[in-house]
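One structure is given below, encoded as C-alpha cells.
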Amino acid sequence: MNDGNSDDIIHLENVNKFFGTFQALKNINLSVRKGERVVVCGPSGSGKSTLIRCINRLEEHNSGTITVNGHELTDDVKNIDAVRREVGMVFQDFNLFPHMTVVKNLMLAPKLVRKSSRSEAYETAMRYLERVKIPEQADKYPSQLSGGQQQRVAIARALCMNPVIMLFDEPTSALDPEMISEVLDVMTDLARDGMTMICVTHEMGFARSVADNVVFMDEGEIVEMNPPKEFFDNPRSERTRLFLSQVLSY
Amino acid sequence: MSFDIALILDSIPKMLMGIGLTLQLLFLSAALGLTLAIILLLMRISGRWYLAAPTMAYIYIFRGTPILVQIFIIYYGLPQLDFVRDSIFWPILREPFGCAILALTLNTGAYVSEILRGGVLGVDRGLKEAGAALGLSTTHRFIYITTPIAIRLALPAYSNDVISLMKSTALASTITLLDMTGIARTIVAETYAPYEIFMSLMVIYLILTWMIQRSFGWVERCMSRYVREEV
Amino acid sequence: MDALDGWWDDYFWGSVVVAEVFVVALILTILFGLMGAAAKLSGNRAAKAIAGGYTVVFRGTPEILVLLLIYFGSAITLTAIAQIFDPEIKFVDLPPFWAGSFAIALIVGSYATETFRGAFLGVAPGQVEAARALGLSKLQTFVHVRIPAMWRLALPPFGNHMLSLIKDTALIAIIGLEETLFVAAQAIGTTNKPFTMYIVVGVIYLAFSTVITLTVMVLEKYANRHLEIAR
Ligand SMILES: Nc1ncnc2c1ncn2[C@@H]1O[C@H](COP(=O)(O)OP(=O)(O)O)[C@@H](O)[C@H]1O
Ligand SMILES: [Mg+2]
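Listed below in C-alpha cells is the structure:
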C-alpha cells in the first residue's frame, strides 16, 4: 500500500478527473478506514457521483492514485476485477436487470463471478432478500415492485457478492417520500453491522445518526470533512453553511 | 371487361404451387441473413477499425443500392468474371436459386445488422454499469445483460425486415425463378388478366404478411413478460 | 472499362430519368401520405377504413406486384376504353414513367401515412395548449407550433422513405422505363459485359442515396438547431 495509514481501506491521493476539458474532480484526497461510514453531500454537479464511480472504476481518473482494499486502480484489468468483486454499488435509479426475476438478479453475479453453484447462489440470494425484508417478491420481475422494494433488491444484489465496501449514489433520490425510510432502514442496519460505506445522500438525518464523517463537495473539490456533530453544528466554510441552509431549510 | 371469377379459382392453386419456393427463399435467406447480421454486428462494435470500417462500407453499399440491382449483378454479372466461374461456388452461382438466396441474404444481412445494433445501443447504460459494478466481465455483460435486452428492443424492427424480405423474394421472378410471382406473371402473359391474377396473389401475400406479424407478436409477448405486468 | 466507351451518355440520361421519377414520385408520396394521415386522424369512419386498408395492402404486398398490377391493369382498361372508339386499336398503356411513379408513390405513401400520423400525434399536447393559452388562433397554432414540431419528428423516417423511393425506381425498368438498369441491359446486349454494366448502375444508385442521406442530415441539423447544447 502507499503511504496511507495501514487501516485505510480506501485511499485517494491527489486525484484529478477530466471530462474533455472540464475538470470534475480537483485534487481529491480522501481516506476511509475499515468499518467507517462516510456520507458525501454537495450541490448537484459537484462531482459526488464521479468521486464514488472512480472508486470502482466506472470512471477512470486521470491522475493521482486510488487504492482500494490493497489494490491500486490502474489500467490493470486484474486489479479492476478484484476491486469490483470487493466493492458493492447501489445506484440512484436501481439498475435492476429488467429481464430477470428478483432472485435471478441476485444470483447472476455470484454464479458468474464467484462461480457459486446454483443452489449456493439461490441460498445466498434468499438470505439477503430476507435481510431486506422482501423474500416473498423473489419470483417477480423488477417492474412489478415499488421503487422502495426495487432499491432494497438492488442493495441485496450487491450484498450477495459479500462486498467489504458498499458505495451508495443517492439511493433514495428517485423514491417517493413514503418509501425513503424503508431503504434508509436497511442501510442503517448495514452500518450497524460494521460495513464500510460511502454514501452520497442528502438525507441529513441519516448522516447525523449513522455517519462517522461527512464530506462536503463543491465544484469538484472536497471543501470540508468532519464528524457529523462538528459538520452540522459548526460548519467551517461559507459554502458549507450556505449549502446546509438550503437543504435544511424545509 | 369483366372480373373472371372462374379464372381466379383456376389460378390460385397454380400460383400456390410456387409458395414452396417463396417460403424456401424466405426462410433460407432469413436464417443466413441473420447469421451474417450477427457477424457484421460483432465486427461493427468490436472497437477495432479494421473490422468496423469494412462492415460500415458493406452496410452502406447494400443499403444504398436497389436489391434488384444486387440480384442482377449476382445473377447476370458474376459469370462475366473468370475467377467466379472457376471457383467452388460456381455450382451455386450458376443457378438462379443460389443467386437469389445469395442476393437476399447479403441484402437483409446489412439491414438486420443495423437493426440489431440499434437494439444494442438502446440498452440502458446504467444496466451495463450495474453489471460492471457487480464484477461481471465484458463478455458476461454482453451475453447476460446486453443481448437479451437488445433482442427484445430489436424485435419489432426485425419483424418488419422479415416482411420486407418476404416481399423481396418476389423479385426472384426477374431471374427466371417460378415462385408465386413468377407463376402469376406467366399466367398473366397467357390470359392477359392482370387484375384477377395479381390481385388474388396480393391477397395471398397479405395473408403471409399477417402470419409473420402474428408470429412475431406472439414471440414479443413472451419476451415482454417482464415489462407487461406493471403494477 | 473500355466496354463503357459510348455508353456514358446513355447512363447519364438514364440517371436523369431516375431523378425525374424520383421527384414526381416524391411529390405524390407526400400527397398520398398526407391524405392517408388526414383520413386516419379524421372522425370519419369510412375515410379511416379506406386509409387503413390502403396501408395494410401496400405495406404487405411485394412492390413488384403493385407495379405490375398498375401498369398492366391500366393498360387493359385503357385499351378497352380506346377500343370503344376505334376497334382497330390493339394496345394503349400509361407511359411506364407515369405508371411507375404512381405505383412507387402509392407504396411509399402507405409508409408515409404512418409517419405523418405518428408525427401529428407525437407533438406534445402541452405545446399546443400553451400556444392556445397565449392567444394564438387555431390556424396560427397549426402553422407556427404544430407544423414545425411535426416535421422535426417526421424527418428521420421520411428520409428513409426517400431512400426507398429512389431504390424503387429501379423496379420500373421491369415495365420498360428507360432508366439506368434498362440502359445496362442494352449495353450488355452489344458488349457482353454484364458485371461491368450493372456495377455502374449500382454506383449511380449509391450516389443518389448518398446525396439524399446528406440532404436529410443537413435538414435534420436545421430542424433540430434548437437542441444544440449551448456552451
Ligand atoms: N460522462 C460525462 N461526460 C461529461 N461530463 C460529465 C460526465 N459525467 C459527469 N459530468 C460532469 O461532471 C460534473 C460532476 O458530475 P457528477 O459527479 O455526476 O455530479 P453530482 O453527482 O455531484 O451531481 C457535472 O458537471 C457533470 O456535468
Ligand atoms: Mg450524482
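Chains as they are written, first to last, in our numbering: chain A, 584 to 833; chain B, 221 to 451; chain C, 898 to 1128.
Even for Gly, the Cβ is constructed at its ideal location relative to N, Cα and C.
Selection B:Pro414, B:Leu241 and B:Thr411 evaluated against B:Ile321 yields B:Leu241 as nearest (Cα-Cα).
Taking a C-beta distance under 9 Å as the contact criterion, A:Ile738 and A:Ile592 do not qualify as a contact pair. For chain C, the residues of the segment 262–283 of chain B that bring a beta carbon within less than 9 Å of one of its beta carbons are Tyr280, Ile281 and Arg283, in chain order. For B:Glu440, the secondary structure class from DSSP, reduced to helix, strand or coil, is helix. Relative to ligand 1, A:Gly603 has its C-beta within less than 8 Å of a heavy atom.
No Cβ of chain A is located within less than 9 Å of the beta carbon of B:Ala257. B:Gly267 has no beta-bridge partner at all, per DSSP. Checking the 8 Å criterion, the Cβ of A:Ala607 is within range of a heavy atom belonging to ligand 1. At a C-beta separation below 7 Å, B:Ala390 has these neighbours in chain C: Pro959, Ile961 and Leu962. Within the segment 350–361 of chain B, those residues whose Cβ lies closer than 9 Å to any Cβ of chain A are, in chain order, Ala350, Gly351, Ala352, Ala353, Leu354, Gly355, Leu356, Ser357 and His360. With the rule of 3 Cβ pairs closer than 8 Å, the segment 812–832 of chain A does not count as touching the segment 633–653 of chain A.
Within the chosen limit of 8 Å, ligand 2 does not reach the beta carbon of A:Asp676 with any heavy atom. Burial state of B:Asp230 is exposed, judged by a 10 Å Cβ sphere holding fewer than 16 other Cβ atoms.
Within the chosen limit of 8 Å, ligand 2 reaches the beta carbon of A:Lys631 through at least one heavy atom.
Going by beta carbons, C:Ala1021 and C:Gly930 fall outside the 9 Å limit.
Relative to ligand 2, the beta carbon of A:Glu753 is positioned inside 8 Å of a heavy atom.
Under the three-state reduction of DSSP output, A:Ala794 falls in the coil class, being neither helix nor strand. Here A:Glu761 is exposed: its Cβ has fewer than 16 other Cβ atoms, across all protein chains shown, within 10 Å.
No residue range can be given for A:Glu753, since it is assigned to no alpha helix (DSSP H) and is classified by DSSP as neither H nor E. The continuous alpha helix (DSSP H) containing C:Lys945 extends over residues Arg942 to Gly957. Between B:Ala330 and B:Ile287, the alpha-carbon positions lie close to 11 Å from each other. Each residue's CA atom was taken as its position, placing C:Lys937 and C:Val954 some 15 Å apart.
Against chain B, a Cβ distance below 7 Å from A:Ala692 picks out Leu354, Gly355 and Leu356. At a cut-off of 9 Å, the C-beta of A:Phe680 has a neighbouring C-beta in chain B. Using a Cβ-Cβ cut-off of 7 Å, A:Met672 is close to Ala353 of chain B, given in chain order. The DSSP-derived three-state label of C:Leu1033 is coil.
Chain C has no Cβ within less than 9 Å of the Cβ of B:Lys234.
Comparing alpha carbon positions, the residue from A:Val660, A:Val666, A:Asn645 and A:Glu643 closest to A:His654 is A:Val666.
DSSP places A:Glu596 in the uninterrupted beta strand (DSSP E) bounded by Asp591 to Phe602.
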